[in-house]
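Residue numbers (the working numbering), protein chains in the order written: chain A, 1 to 90; chain Y, 101 to 118.
Glycine included, each C-beta is placed from N, C-alpha and C at the ideal position.
Only a predicted model underlies this, so the values are computations on that prediction, with no experimental measurement involved.
Comments concern the structure below.
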């Protein structure tokens, strides 16, 4: 079970339902949608696909099937890794 | 709250001009 966590300390701000993440070491700016920002906030502690999926299902309780949310999370985490915002925890 | 898939909307590197 792969674990993930934020790579370093970032500056972040929420603006009109979007999250703006500033990486002050690599000078990158990343914009996330609201649900992405929620996942990002949770990633200041170690998370897995399963724990993030569970958190989203609790937050948006009545609307979604677990498998779809899990696929969304997997895709999102791979994007965050590609952007250099999170890392695998050994 | 309405669920939508978590997404990276944009990602860019800041270019500093000397």
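Between residue 77 of chain A and residue 66 of chain A, the C-beta spacing is not below 8 Å. With respect to the 8 Å criterion, residue 70 of chain A and residue 49 of chain A are classified as neighbours on the basis of their beta carbons. In the three-state scheme derived from DSSP, where H, G and I count as helix and E and B as strand, residue 56 of chain A is classed as helix. DSSP places residue 25 of chain A in the coil class of the three-state scheme, outside both helix and strand. For residue 33 of chain A, the CB contacts under 7 Å within the same chain, skipping 5 residues up- and downstream, are 18 in chain order.
Per DSSP, the unbroken beta strand (DSSP E) holding residue 5 of chain A starts and ends at 3-6.
Residue-level contact by beta carbon fails for residue 51 of chain A and chain Y, as no gap is shorter than 8 Å. Short of 8 Å from the beta carbon of residue 53 of chain A, and not among the five residues preceding or following it, lie these beta carbons of its own chain, in chain order: 66, 69, 70, 73.
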